[in-house]
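FYI, the working numbering numbers position 380 of the sequence shown as 380, with every residue one higher than the one before it. Shown next, in structure tokens, is the structure this report addresses.
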Amino acid sequence: MAPKMFKPMFPTIIQFCSEVAKRNEMDSSARLEALELLTCFCESSPNMCKREPTYAPNIVLVTLQLMTEVCIDDDDCADWNNSDDLQDEESEEEFNAARQSLDRASLKLGGQTLAAPLFQYLPQMLQSQDWHERQAALMALSSATEGCRDVLISEIPKILDMILPSLQDPNPRVQYSCCNALGQISTDFADVIQRTAGDRVLPALISMLSTKNVPRVQAHAAAALVNFSEDATKEVLEPYLDELLTNLLTLLQSAPKRYVQEQVITTIAIVADAAGNKFNKYYDTLMPLLMDVLKSDVGEENRLLKAKSIECSTLIAVAVGTEKFQTTAHDMVTMLAHLQGTITGDDDPLKTYLEQGWNRICKLVGKDFVPYLPTVLPPLLEAAKATQDISVVDDEEVDELNMNEDYEVIKLSGKHIAVHTAVLDDKAAAIDLLKTYADSLGADFYPYVESISSEIVIPALDFYLHDGVRGVAALTMPSLLKCAIDATGSSTSNEAQRLWKEIADKVIHQIEAELVTSLLVAYYYCLTRCMDLMGPDALNDQQLTELAKSLNSNLSDSCDRIKEREKADDEYNEEIQEDEDDYSDEELLDELSKIITSVFKNNRARFLPAFQSLVPQIASFITDENTSLKLLGLSASSDLVEFTGPQSYQYKDLFMNPIGAALTASDAAIRQHVCHP
Numbered sequence: 001m002a003p004k005m006f007k008p009m010f011p012t013i014i015q016f017c018s019e020v021a022k023r024n025e026m027d028s029s030a031r032l033e034a035l036e037l038l039t040c041f042c043e044s045s046p047n048m049c050k051r052e053p054t055y056a057p058n059i060v061l062v063t064l065q066l067m068t069e070v071c072i073d074d075d076d077c078a079d080w081n082n083s084d085d086l087q088d089e090e091s092e093e094e095f096n097a098a099r100q101s102l103d104r105a106s107l108k109l110g111g112q113t114l115a116a117p118l119f120q121y122l123p124q125m126l127q128s129q130d131w132h133e134r135q136a137a138l139m140a141l142s143s144a145t146e147g148c149r150d151v152l153i154s155e156i157p158k159i160l161d162m163i164l165p166s167l168q169d170p171n172p173r174v175q176y177s178c179c180n181a182l183g184q185i186s187t188d189f190a191d192v193i194q195r196t197a198g199d200r201v202l203p204a205l206i207s208m209l210s211t212k213n214v215p216r217v218q219a220h221a222a223a224a225l226v227n228f229s230e231d232a233t234k235e236v237l238e239p240y241l242d243e244l245l246t247n248l249l250t251l252l253q254s255a256p257k258r259y260v261q262e263q264v265i266t267t268i269a270i271v272a273d274a275a276g277n278k279f280n281k282y283y284d285t286l287m288p289l290l291m292d293v294l295k296s297d298v299g300e301e302n303r304l305l306k307a308k309s310i311e312c313s314t315l316i317a318v319a320v321g322t323e324k325f326q327t328t329a330h331d332m333v334t335m336l337a338h339l340q341g342t343i344t345g346d347d348d349p350l351k352t353y354l355e356q357g358w359n360r361i362c363k364l365v366g367k368d369f370v371p372y373l374p375t376v377l378p379p380l381l382e383a384a385k386a387t388q389d390i391s392v393v394d395d396e397e398v399d400e401l402n403m404n405e406d407y408e409v410i411k412l413s414g415k416h417i418a419v420h421t422a423v424l425d426d427k428a429a430a431i432d433l434l435k436t437y438a439d440s441l442g443a444d445f446y447p448y449v450e451s452i453s454s455e456i457v458i459p460a461l462d463f464y465l466h467d468g469v470r471g472v473a474a475l476t477m478p479s480l481l482k483c484a485i486d487a488t489g490s491s492t493s494n495e496a497q498r499l500w501k502e503i504a505d506k507v508i509h510q511i512e513a514e515l516v517t518s519l520l521v522a523y524y525y526c527l528t529r530c531m532d533l534m535g536p537d538a539l540n541d542q543q544l545t546e547l548a549k550s551l552n553s554n555l556s557d558s559c560d561r562i563k564e565r566e567k568a569d570d571e572y573n574e575e576i577q578e579d580e581d582d583y584s585d586e587e588l589l590d591e592l593s594k595i596i597t598s599v600f601k602n603n604r605a606r607f608l609p610a611f612q613s614l615v616p617q618i619a620s621f622i623t624d625e626n627t628s629l630k631l632l633g634l635s636a637s638s639d640l641v642e643f644t645g646p647q648s649y650q651y652k653d654l655f656m657n658p659i660g661a662a663l664t665a666s667d668a669a670i671r672q673h674v675c676h677p
């Protein structure tokens, strides 16, 4: 809360925390608390840490040492490799805490501060006789690359020269850590590494799929290939597809561990998605294998394998396109319909994978999907109708619920309220899938629109304890309205008008009280899109007045936040600025500009009485030095002139001179906007 209070004693605190964290004979909790205190300083006051010369070297040394503390009683890694629990690393508290701390520190300090002390040790650790140090160096690199991207991205060849030999390390955990590093830099350095080093990374990872390697390494190499492929073009992947898929198929059919097969299927799916139609030649070989997995009675313990086969087969179908998919479409849909009837509950892994699989097939076959809606929709509608599950809990239950990722505990009026967020996450995902069906099927989805809008989507805006539900509900409304317009043939039909009135009244009312900026973006997008669909005079006079009132408030609040960030000049406030940037006021201003345009376009001079309340704000924006604010003011004044014509003349004294001055603005975007006819 007040990091600079510790500035006079900061070097002493750094030394003390470092000594405690490095002493492996001390109690683990004390060591981890010392590490946490050290890490908290860089998050609350990174500038103070950057200026203190002992901070970066110490946090690097501490985290590197803690990352060596793995497989303490398993020096040959036999227990680690034979374990079927891929989460067993979570029990290595010091190792995991160090990884997270180095990641957090690198994100706050950046490569200019952290890269040099880190790379002072990594090369020599990779040459160490102790495999614990070799794996620690690779995992440290994985943790730091995102934050140090600014410095390291130009050093990709040197980094690969340094780490690729570790794939041949005699210790499997070092091999695993190297795969992890390759996967992480494939994500953190995307798409540069795909374009410039695909010929090094792909063959290296493919070689680790060989059946001679240990299962944990095989699975992690396949996972790293997912990271690389997600940002790779067809052209980068194509030369390696034969070798890659040959190895993956061999591994799929011979892997001794189920988790290896699950990862292989996931990797095939992502490669197919990235390769697109280049994957056509492998379709006839792969799809029958996946269908065999889907048809087999593999038992409850293998349901995740079957679920991942659904993901893989449907992603392959999307990759190859409708024409190729037609040869197996009937069998695929029949099999998925059968699996739909075998779902045993909300925790069945088939449930989510089936929902996403149906979604992909719907996009692929379009209107031919309509006959399957009675099978697909019931479980989806049930999830989308979930209610807010909240309860008051006693103090002694708080810690237990905080450890449960399915719940969130908030304090309200002195009481602890437990919110079952997992149910609401599923609700948001289900509404999003309903939106996809509405977008894909249009008028054919209309029989479901009334119940979905009245029972699910519009009431979802009242789910004040879950931003995701409110946001996706707002984004779904235009899709449902378009279904109604397409089905009835006109935006003036009674059905379309009734749905639009319900949407407009609810969203405009919601905007007035909403405090979450990202949700305001969703609400304004909803109104803009719906007004474009409905055409002229979409809003009545009362709605225009209420909307203008909310617009004025949101413009003022957004402007205040921008000004506050511009004034922030001490190091602590700079970090507040970074957090506030996440709210993206610029994105909100862009959406506000769009809706002002849409309202003028739809209502023309009818909007002028309500617009009057916005005039002082708009006029101040035009003369502001902030580019985002100035552009909004210029856009609104352009809309005023374009859509109200002579009636805009009364405002000439407010707008003419500032617009003329903007013709010589230093910012090209402003000059272009002013010159636009």
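Every residue, glycine too, gets a C-beta built ideally from N, C-alpha and C.
The C-beta of D188 has 16 or more other C-beta atoms within 10 Å across all chains shown, which makes the residue buried. Taken through DSSP and simplified to helix, strand or coil, S391 comes out as strand. Three or more Cβ pairs closer than 8 Å define a contact, and the segment 36–52 falls short of that threshold against the segment 130–147.
In the structure shown, V419 falls within a strand segment according to DSSP collapsed to helix, strand and coil.
Partner residues in the beta bridge of E408, as assigned by DSSP, are V419. Spanning the alpha carbons of I670 and C526 requires a straight line of approximately 27 Å. Contact check for R258 against L305 passes: the beta carbons are separated by less than 8 Å.
With contacts defined by Cβ atoms closer than 8 Å, V615 and F607 do not form a contacting pair.
With contacts defined as CB atoms closer than 8 Å, L588 and T517 qualify as a contacting pair. When Cβ pairs closer than 8 Å are counted between the two stretches, the segment 90–98 is seen not to touch the segment 169–189, the count staying below three. Taking C-beta atoms under 8 Å as the contact rule, I431 and V472 qualify, at a distance of about 5 Å.
Exclusion of the five residues before and after M335 leaves M291, L294, K295 as the residues of its chain whose Cβ lies within less than 8 Å of its Cβ. Residue state for F228 is assigned as helix, using DSSP reduced to three classes. In chain order, P478, L481, K482, I485, S491 place their CB closer than 7 Å to the CB of L533, counting only its own chain and leaving out the 5 sequence neighbours on each side. In this structure, DSSP gives I458 a state outside helix and strand, which the three-state scheme calls coil.
The count of Cβ pairs closer than 8 Å, one atom from the segment 265–276 and one from the segment 310–322, reaches three, so the stretches are in contact.
Taking C-alpha positions only, Q100 is separated from T63 by approximately 9 Å. M1 and L631 have their C-alpha atoms some 36 Å from each other. Contact holds between the segment 108–126 and the segment 148–163, because three or more Cβ pairs, one in each stretch, are under 8 Å apart. The residues S584, E587, L588, E591, in chain order, have a CB closer than 8 Å to that of V521 in the same chain once the five nearest residues on each side in sequence are set aside. Put simply, of V392, L547, C179, D624 the residue whose alpha carbon is nearest the alpha carbon of L209 is C179. With a threshold of 16 other beta carbon atoms within 10 Å, K108 meets it and is buried. With a beta-carbon spacing of about 15 Å, H466 and L515 fall beyond the 8 Å limit used to define contacts. By the CB criterion at 8 Å, A255 and P215 fall inside the cutoff. When the alpha-carbon of L475 is set against those of R529, P447, H509, M67, the nearest one is in R529. In the structure shown, S186 adopts helical secondary structure according to DSSP, grouped into three states. In the three-state reduction of the DSSP assignment, C559 falls in the helix class, which pools H, G and I. K427 is not a Cβ neighbour of L461, given a cutoff of 8 Å. Between M332 and S166, the alpha-carbon positions lie close to 42 Å from each other.
Inclusion of A605 and T644 in the CB contact set at 8 Å is warranted, their separation being smaller than that value.
Collapsing the DSSP output to three states places G198 in a helix. Between A222 and T250, the alpha-carbon positions lie close to 13 Å from each other. For T342, the secondary structure class from DSSP, reduced to helix, strand or coil, is coil. Contact between N359 and V320 fails: their C-beta atoms lie close to 17 Å from each other, not under 8 Å.
Y176 and V217 have their C-alpha atoms roughly 5 Å apart. In the assembly as shown, L663 is an exposed residue. Its beta-carbon has fewer than 16 other beta-carbons within 10 Å.
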